[in-house]
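Okay, so here's the structure we're looking at.
Numbering (this note's numbering), first residue to last: 1 to 461.
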């Protein structure tokens with residue numbers, strides 16, 4: 001009986017998604033007892049765009065679809081965790097519609113209609129494709145939105161942004177009441193939940209916003225630090241096959257463990273830490289992808305923090321080289337590691353360029369956006385993370401006791417975009433353990449302690 005019920009369930013789900021063709025899905029499937037949308041990749045799409053579109057972190061997509069390590073291909077079908085809260089946005093009679101032409105960009109369209117790229121992304125929740133109908137505004141703005149005072153981002157003082165928290169609090173209370181009403185409707189069957197995604201939703205009440213940015217409920221009595229974990233594609237390791245096999249996990253999970261643990265342990269005393277991986281913000285995934293799309297990377301000279309008393313020691317231990325190979329990153333950025341191979345030799349680690357692998361902010365509105373939304377005082381970027389095994393200096397080959405080195409590249413910026421630190425350092429590890437939990441527990445605390453030593457104290461001016 002259970003078998004026939006399952007067949008009936010999937011029949012209904014496939015019919016539902018076929019008829020609605022919601023967000024380009026071609027079907028649904030179950031993986032580890034969880035519903036996943038089967039999504040077909042269209043020309044011009046990126047994994048970051050799909051991640052934002054479905055509210056699923058890139059690291060999760062890579063774990064579920066290990067073939068994405070080799071690149072995103074047009075026509076490829078990938079599995080995406082089903083999110084019952086995700087709803088397709090559709091134009092209403094009140095919407096102003098623009099049909100996208102080949103070669104157009106969000107920036108160009110935003111300029112044409114005197115709006116912002118952020119607003120276009122908020123209204124449409126989708127990637128830009130030729131031929132699609134794009135909502136660019138409304139003929140008659142809702143009363144609450146129309147009466148919101150308009151202020152240039154760069155002229156809003158910190159004190160005023162903090163005072164606006166009361167406005168956000170009132171808005172959240174209204175939204176909670178709406179949410180409670182919605183939650184009174186009983187949704188008992190998994191099929192019904194999946195069907196709800198395919199329906200065109202009624203237009204929901206709009207938040208009271210300041211320049212389309214709703215401030216995060218930060219602690220107004222503390223300073224804030226935004227933690228930006230390394231881009232999943234800027235992780236390099238020659239040990240993942242061994243670690244994954246011994247830990248009985250998929251190879252992409254090794255990278256995810258390092259990434260999530262470093263992110264979680266970065267906790268500078270006296271600050272409120274804002275995290276976009278495992279944090280409280282509902283916009284975590286889209287904001288993290290916004291960051292990755294707003295920066296560029298390259299080898300740079302070290303910048304030593306004036307707040308770290310051990311900098312003399314660190315400088316003396318650096319073996320800085322003038323060797324620089326800018327083409328290395330361009331090649332590596334587009335070529336992803338092969339996660340389906342079982343041998344460690346297919347994983348490469350970058351050669352030592354002497355300089356550290358730093359980040360540059362290319363979006364002029366980057367700091368304004370995150371200042372308004374999260375009241376950020378400092379930004380900690382982990383730019384690149386490398387795991388390298390020294391097989392030549394094997395301490396005990398029979399016991400698989402190797403010497404490993406973890407190389408961390410990081411940057412720290414203040415609220416105004418001034419870089420106060422940029423460096424790399426190596427953490428040596430001699431052990432015969434290939435269990436990921438042991439390796440992370442032994443090394444992650446030492447790594448984050450080194451990074452946090454460069455952060456100014458909370459009372460610094």
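We treat Cβ as the ideally placed atom computed from N, Cα and C, and that holds for glycine.
message: Spatial neighbours of residue 273 within its chain, please: C-beta separation below 7 Å, excluding the five flanking residues on both sides.
response: Leaving aside the five residues that flank residue 273 on each side, the residues in its chain whose CB is nearer than 7 Å to its CB run, in chain order, 225, 227, 266, 267.
message: Residues in the same chain with beta-carbon distance under 7 Å from residue 137, minus the five sequence neighbours each way, listed in chain order, please.
response: Closer than 7 Å at the Cβ level, and outside the excluded window around residue 137, lie 96, 113, 115.
task: Would you mind listing the beta strand (DSSP E) stretches within the region 231-267 that are 3+ residues and don't spill past its ends, in chain order?
output: You should have 235-237.
field: Residues bridged to residue 138 (per DSSP)
entry: 95.
message: Counting C-beta neighbours from all protein chains within 10 Å, is the total for residue 160 16 or more, i.e. buried, or is it exposed?
response: Unreliable placement is indicated for residue 160, whose pLDDT of 44 sits below 50; the coordinate value is still reported in the next sentence. Residue environment analysis places residue 160 among the exposed positions, since fewer than 16 neighbouring C-beta atoms fall within 10 angstroms of its C-beta.
field: Residue from 444, 420, 403, 439 with nearest C-alpha to residue 456
entry: In this structure, 420 is the residue among 444, 420, 403, 439 with its C-alpha nearest to the C-alpha of residue 456.
- prompt: Is it right to say residue 391 is buried, meaning 16 or more other beta carbons lie within 10 angstroms of its own, or is it exposed?
  reply: Flag for residue 391 reads exposed.
field: Per-residue DSSP class, three states only, for residue 113
entry: DSSP places residue 113 in coil when its eight states are reduced to three.
Sufficient close CB pairs (3 or more, under 8 Å) joining the region 50-63 to the region 248-266: Yes: at least three Cβ pairs fall under 8 Å.
task: Starting from the C-beta of residue 284, find all residues in its chain whose C-beta is less than 6 Å away, skip the five residues before and the five after it, and write them out in chain order.
output: Around residue 284: 276.
query: Taking the Cβ atom as the reference point for each residue, do residue 31 and residue 72 lie within a distance shorter than 8 Å?
result: No, the Cβ-Cβ distance between residue 31 and residue 72 is not below 8 Å.
message: Rounded to the nearest angstrom, what separates residue 401 and residue 429 at their Cα positions?
response: Rounded to whole angstroms, the gap between the alpha carbons of residue 401 and residue 429 is 10 Å.
- prompt: Alpha carbon to alpha carbon, how far is residue 414 from residue 33?
  reply: So the alpha carbons of these two residues sit roughly 44 Å apart.
- request: Confirm, please, whether the CB-CB distance from residue 411 to residue 354 is below 8 Å.
  value: No.
task: Under the assumption that residue 281 contacts residue 216 (Cβ atoms under 8 Å), give the Cβ distance between them as a whole number of angstroms.
output: Rounded, the Cβ-Cβ distance is 6 Å, consistent with contact.
- request: Consult DSSP for residue 445 and reduce its assignment to one of helix, strand or coil.
  value: Three-state result, residue 445: helix.
- prompt: How far does the beta strand (DSSP E) with residue 224 in it reach, from first residue to last?
  reply: Per DSSP, residue 224 is one residue of the beta strand (DSSP E) stretching across 223-228.
message: Give the list of continuous beta strand (DSSP E) stretches no shorter than 3 residues that lie fully inside the region 386-433.
response: Counting only runs of 3+ residues, the beta strand (DSSP E) found wholly inside the region 386-433 occupies 402-414, 419-431, in chain order.
- prompt: Under three-state DSSP, which class holds residue 440?
  reply: When secondary structure is reduced to three states using DSSP, residue 440 falls in the helix class.
message: Beta-carbon within less than 7 Å of residue 443's beta-carbon, same chain only, minus the 5 sequence neighbours each way: which residues are those?
response: Only 406, 427, 429 meet the Cβ criterion.
query: Quick one, which of 356, 286, 296 has its alpha-carbon nearest residue 302's?
result: If we check each option's Cα against that of residue 302, 356 comes out closest.
message: Quick check: what's the CA-CA separation for residue 53 versus residue 286?
response: Roughly 8 Å between the two C-alpha positions.
message: Tell me the rounded alpha-carbon separation between residue 298 and residue 408.
response: Their backbone Cα atoms lie some 14 Å apart in a straight line.
message: Residues in the same chain with beta-carbon distance under 7 Å from residue 371, minus the five sequence neighbours each way, listed in chain order, please.
response: Taken in chain order, the residues that qualify are 415.
Inter-residue Cα distance where the pair is residue 75 and residue 135: Going by the C-alpha atoms only, they are around 26 Å apart.
field: One or two residues paired with residue 79 in a DSSP bridge
entry: Looking at the DSSP assignment, residue 79 forms a beta bridge with 38.
query: Do you know offhand how far residue 378's Cα is from residue 460's?
result: One C-alpha to the other measures close to 12 Å.
Three-state class that DSSP yields for residue 452 in the structure shown: When secondary structure is reduced to three states using DSSP, residue 452 falls in the helix class.
- prompt: Can you give the Cα-Cα distance for residue 120 and residue 305, rounded to whole angstroms?
  reply: For the pair residue 120 and residue 305, the Cα-to-Cα distance works out to about 39 Å.
- prompt: Are the Cβ atoms of residue 404 and residue 387 separated by less than 8 Å?
  reply: Result yes, Cβ atoms of residue 404 and residue 387 sit closer than 8 Å.
message: Could you pull the DSSP bridge partners for residue 30 from this structure?
response: 35, per the DSSP bridge assignment.
- prompt: Just how far apart, CA to CA, sit residue 106 and residue 117?
  reply: Between residue 106 and residue 117, the alpha-carbon positions lie close to 6 Å from each other.
message: DSSP three-state label for residue 381, please.
response: Looking at residue 381 - three-state DSSP - the assignment turns out to be strand.
message: Quick check on this structure: which residue in 438, 133, 245 has the alpha carbon closest to the alpha carbon of residue 98?
response: The residue with the shortest Cα to Cα distance from residue 98 is 133.
- request: Pick helix, strand or coil for residue 58, following the three-state DSSP scheme.
  value: Secondary structure of residue 58 (DSSP, three-state): helix.
Simplified DSSP state of residue 372, which is helix, strand or coil: Residue state, collapsed to three classes: helix.
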